[in-house]
Amino acid sequence: MKRKMAVAAASVGILIIGIMAMLDLISNPSADFSYPTNDGELIMTYRCNVLDTAEATDANARAAHAFFEPAVNEISRQQAIAMITSMDTNRASSAIVPELEQTNLSADALRKVAADEMQNRFDCKYKGSALHETN
């Protein structure tokens, strides 16, 4: 009997979570936006909450991209410099590998900070990048 009650309670909990997720989707409609990077090599995609007008939503998504792309580029530039500096030919690889791993972890943390700031400022989430294919 206790097991059936626990299963029923868990089922109700899952149902409530599902309903709340559906209500969040209904109350916060979103759309995907993709923009080329400044160098034209990649397409960066974001999911942004829809605003009052299509123009306002697009302007907000463009502002999010204008904020995020340079932030990610600077983090990547600093990461590359740190990696090159770490790879001095006179150093043992056993000393280099942990330093490179730490460099990658630090850069990932900074990218997360930038993504969180973009989400807080523009209500947009970074979905990813893909190569910009030209026909």
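Position 87 of the sequence shown, counting from 1, maps to 88 under my numbering, and the rest follow consecutively. In this text, a Cβ means the ideal position worked out from N, Cα and C, and glycines have one as well. Predicted, not measured: the structure shown is a model, and the values here were computed from it.
Between the C-alpha atoms of residue i and residue j, what's the straight-line distance to the nearest angstrom?
i	j	result
Y127	T46	6 Å
N121	L101	30 Å
I76	L111	7 Å
H66	D53	19 Å
P71	V114	14 Å
N1	Q80	Residue 1 cannot be examined here, being either before or after the span of the chain that is shown, 2 to 136.
A60	C49	11 Å
From this set, the options, which residue's C-alpha is nearest residue i's C-alpha?
i	options	result
G129	A57, T38, P30	T38
S107	N61, I44, A57, R78	R78
D124	G41, E42, F69, R92	F69
According to the neighbour-count rule (16 or more other Cβ atoms, all chains shown, within 10 Å of its Cβ), is residue i buried or exposed?
i	result
M88	exposed
A96	exposed
Which two residues bound the contiguous beta strand (DSSP E) that contains residue i?
i	result
D33	31 to 37
M119	Counting along the chain, M119 falls outside any beta strand (DSSP E), though it belongs to the alpha helix (DSSP H) covering 94 to 123.
N50	43 to 50
Taking 7 Å as the threshold (C-beta atoms), are residue j and residue i in contact?
i	j	result
T104	M84	yes
V51	A32	yes
Starting from residue i and walking both ways along the alpha helix (DSSP H), at which residues does that stretch end?
i	result
V84	For clarity, residue 84 is Met in the given sequence; the question names Val instead. Here the alpha helix (DSSP H) through M84 covers 55 to 87.
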